[in-house]
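Chemist:
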Amino acid sequence: MNIGVLGAGQLGRMLALAGYPLANRFTFLDTTGHPSAGIGEVMIDTDRKHLDAFLAKVALVTYEFEHLPVSLVQAIEEVKPVFPSSEAIRICQNRAEEKALFDRLGIPTPAYRLVEHADELEAAARELGCPVVAKSVTEGYDGKGQAVLRDPAEAAEAWRSINHPRLIVEAFVDFVREVSIIAVRGREGEVVFYPMAENLHVDGILRYSLAPMPDLDDEVQQTAEGYIRTLLDELDYVGVLTLELFQTRDGRLLANEMAPRVHNSGHWTMDGAVTSQFENHLRAIQGLPLGDTSARQPTCMVNVIGQEGDPAAILAIHDAHLHRYDKSERPGRKLGHVNLLAKSHGELLEKVHACAWLLPEAPEPRFSFEDEFRQGN
Ligand SMILES: Nc1ncnc2c1ncn2[C@@H]1O[C@H](COP(=O)(O)OP(=O)(O)O)[C@@H](O)[C@H]1O
Ligand SMILES: [Mg+2]
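As numbered in the numbering used here, the sequence shown has no gaps in its residue numbers, which increase by one up to the final residue, 378.
1. Tell me whether Asn-340, by its Cβ, gets closer than 7 Å to a heavy atom of ligand 1.
2. Could you name the residues that DSSP lists as bridge partners for Cys-301?
3. Let's see if you can read the secondary structure: which residues bound the beta strand (DSSP E) around Phe-84?
4. What separation, rounded to the nearest whole angstrom, lies between the Cα atoms of Lys-344 and Val-71?
5. Taking 7 Å as the cut-off, does the CB of Asn-257 come closer than this to any heavy atom belonging to ligand 2?
6. If contacts are defined as beta-carbon pairs under 8 Å, then Ala-126 and Pro-153 qualify, I think. What distance do you get, rounded to the angstrom?
7. In this structure, what does DSSP give as the bridge partners for Gln-11?
8. Please confirm whether Asp-46 and Thr-32 have their CB atoms less than 8 Å apart.
9. Helix, strand or coil for Asn-200? Go by DSSP, reduced to three states.
10. Closest to His-68 by CA distance: which of Arg-262, Gln-287, Phe-368 is it?
11. Would you say Val-134 touches ligand 1, meaning its beta carbon is less than 7 Å from a heavy atom?
12. So for Asp-328, helix, strand or coil by DSSP?
13. How about Val-116 and Ile-90: do their beta carbons lie closer than 8 Å?
14. Just to check, is the beta-carbon of Glu-140 closer than 7 Å to a non-hydrogen atom of ligand 2?
15. What's the gap between the Cα of Val-353 and the Cα of Leu-341?
16. Just verifying my parser: in three-state terms, what is the DSSP assignment at Tyr-113?
17. How many Å lie between Val-133 and His-118 at the Cα?
18. Is the Cβ-Cβ distance between Arg-186 and Ala-285 less than 8 Å?
19. Considering only C-alpha positions, which residue in the set Ile-4, Pro-196, Asp-234 is nearest to Glu-88?
20. Is the separation between the beta-carbon of Phe-66 and that of Gly-8 shorter than 8 Å?
21. Can you list, in chain order, the residues of its chain whose CB lies under 6 Å from that of Asn-265, leaving out five sequence neighbours each side?
22. Can you determine whether any heavy atom of ligand 1 sits closer than 7 Å to the C-beta of Asp-143, and answer yes or no?
23. When you compare each of Thr-300, Pro-312, Glu-362 to Glu-348 by their alpha carbons, which one comes out closest?
24. Within the continuous alpha helix (DSSP H) that includes Gly-227, where are the two ends?
25. Among Ala-314, Ser-295, Ile-229, which residue has its Cα nearest to the Cα of Trp-269?
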């Protein structure tokens, strides 16, 4: 089966790598003019003239990038099956829609306000109490289009710097850790969940994801599963969905945002789970049985950002798996990731520190449970 993918970056590349063993082929539609997938057939369509040719080649369509015009996805849906649907894209590309859906389904979130003017931003910051985070309602990713206000008086400057007609303003959550849950829903409505990951971000960019967490209560995993299941069922979703959450000091989970696709915080599954998120997405959209989501071993994903470091030195770490995206080095650019597996979390932490040391721009990894391990093991 030839699968059409909207977007042609590293997520598409990894989808294709997972699909070849299933005898899938891939045609990518790139609207940016800068595809990096480097695999399959890539059609560059910056002038929107190649859509018909693309659709003629593919049996069904999925995407690796949700910041697409909804009208485009709706038009494709008239011709070919699209998984997940245009409705999922419409909601997930807009933080206001997303939060409204969380509210409607009873999924807790940080307190928030929607604003359309610098004065309204200032009032919202006062009402919610600083610090607050202001985010453009659409188009943001990797922390872009955001500003933290330490004082309501910073509103005018934040408004100018984000430069967007509509913002969401959120109370700044004093979280214990950031976590995510990834789930997969098949065409018959069957759902499987991965163990949640702890995610470390620096300047809004994901640097490390670790799963399973050694100290996660079953109850918290089940709560997250309940939230994401409600979302999947509500959207009649097919494929991989990711929900990012904050875990607070009192053990509660607050939903941050969701992504209607395979996700950076799920790259650990490529080596650390029985079935990767990429394979499971492809299984779901083709109506195949979903694969086992259990973790094989404690696993940590380390993002390679900006500079590659020395691949040979990284590969010398036992049970280290390097995934390079074949992109050129540029500050802040995601170039690859390393999956590290270990028999215990103590050993895993040692490997993560060793790996970080080999990456020129890697920040100090600090997981929420580390002190426990320093003392205990
Ligand atoms: N309300 C908040 N409280 C505390 N930190 C936040 C909040 N919102 C976002 N952040 C931080 O900024 C990061 C990026 O924000 P997010 O909303 O996930 O946008 P993006 O689409 O860029 O990933 C989060 O992973 C988190 O570290
Ligand atoms: Mg995010």
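For glycine and all other residues, C-beta sits at the position ideal for the given N, C-alpha and C. Only a predicted model underlies this, so the values are computations on that prediction, with no experimental measurement involved.
Modeler: In short, the structure shows the following:
1. no
2. Leu-211, Leu-341
3. That residue, Phe-84, is in no beta strand (DSSP E); it is neither H nor E in DSSP.
4. 45 Å
5. yes
6. 4 Å
7. For Gln-11, which the question treats as bridged, DSSP gives no partner whatsoever.
8. yes
9. strand
10. Arg-262
11. yes
12. Reading off the sequence shown, one finds Lys at residue 328, where the question assumed Asp. Coil.
13. no
14. no
15. 7 Å
16. strand
17. 16 Å
18. yes
19. Asp-234
20. yes
21. Leu-207
22. yes
23. Thr-300
24. 219-235
25. Ser-295
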